[in-house]
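These notes are about the structure you will find just below.
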Amino acid sequence: MQMLPALILLLLLLKVSVCIQVIVPQQERSAALFDSVILHCDYYTSAHYDDVLVTWRYKSFCKEQENDSTSYQSALQFGRDPLNNCPDHQRTVRTVIQRRGKREPALGSQYRARNITLQKKADLVINEVTWSDSGVYFCSVDAAGDTFGDSDKEVKLFVRSWTAGKREPDL
Numbered sequence: 007m008q009m010l011p012a013l014i015l016l017l018l019l020l021k022v023s024v025c026i027q028v029i030v031p032q033q034e035r036s037a038a039l040f041d042s043v044i045l046h047c048d049y050y051t052s053a054h055y056d057d058v059l060v061t062w063r064y065k066s067f068c069k070e071q072e073n074d075s076t077s078y079q080s081a082l083q084f085g086r087d088p089l090n091n092c093p094d095h096q097r098t099v100r101t102v103i104q105r106r107g108k109r110e111p112a113l114g115s116q117y118r119a120r121n122i123t124l125q126k127k128a129d130l131v132i133n134e135v136t137w138s139d140s141g142v143y144f145c146s147v148d149a150a151g152d153t154f155g156d157s158d159k160e161v162k163l164f165v166r167s168w169t170a171g172k173r174e175p176d177l
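The sequence shown begins at 7 in my numbering and counts up by one.
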């Protein structure tokens with residue numbers, strides 16, 4: 007009977023050791039047009055670093071950004087997000103960047119002319135954001151052998167006019 011607690015503990019440790027956890031500290035970010043932005047993503051895994059594939063994917067919003075409208079706020083109160091609540095065939099979906107281990111990251115075909123990279127373990131850096139960068143970004147981590155856990159998280163990026171939020175000088 008004394009073996010049972012030890013066996014349970016061993017099984018729990020094995021389960022934890024094959025677990026992946028992706029973390030994004032901010033689920034929403036905004037950036038002024040032509041500014042740089044960093045979408046932070048971190049992960050924990052039992053896999054060796056060289057066996058980890060980090061992928062950032064982009065999905066356009068479902069409709070115009072109406073996050074100040076009454077209907078948008080009302081929908082959010084009922085647990086629906088009109089910006090992110092539509093099938094993929096109704097929006098643009100593409101891979102932004104991928105990196106396996108310490109290798110050089112590979113940009114998706116639509117991003118090769120852009121200054122976009124990964125820093126640290128999985129932070130996405132977009133230099134000179136454009137209007138078309140507004141959307142939902144998914145940080146996904148595939149780790150060999152990790153079969154449990156949360157392997158992807160999303161971040162919404164809102165690109166605003168560089169004058170938005172800036173106060174006009176007093177005359």
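Each residue gets a CB set at the ideal place from its N, CA and C atoms; glycine is no exception.
These numbers were taken from a predicted model, which means no experiment stands behind them.
| Asked | Found |
| --- | --- |
| Using only CA atoms, which one of Val99, Asp129, Asp94 lies nearest to Pro111? | Asp129 |
| If contacts are defined as beta-carbon pairs under 8 Å, then Ile26 and Asp152 qualify, I think. What distance do you get, rounded to the angstrom? | 4 Å |
| Count the other CB atoms, across all protein chains shown, that sit within 10 Å of the CB of Tyr64; report buried if there are 16 or more and exposed otherwise. | buried |
| Could you tell me the distance, in whole angstroms, from the CA atom of Ser146 to the CA atom of Arg109? | 17 Å |
| Note down, in chain order, each residue of its chain lying with its Cβ closer than 7 Å to the Cβ of Gly141, except the 5 sequence neighbours on either side. | Tyr64, Lys65, Ser66, Phe67, Leu163 |
| At what residue ranges does the region 104-128 contain a whole run of the beta strand (DSSP E), taking only runs of 3 or more? | 122-125 |
| Can you tell me whether Asp94 is helix, strand or coil according to DSSP? | helix |
| Am I right that Lys159 and Val30 are in contact with their C-beta atoms under 8 Å? What's the rounded C-beta distance? | 4 Å |
| Do you know how far the Cα of Ser167 is from the Cα of Tyr143? | 20 Å |
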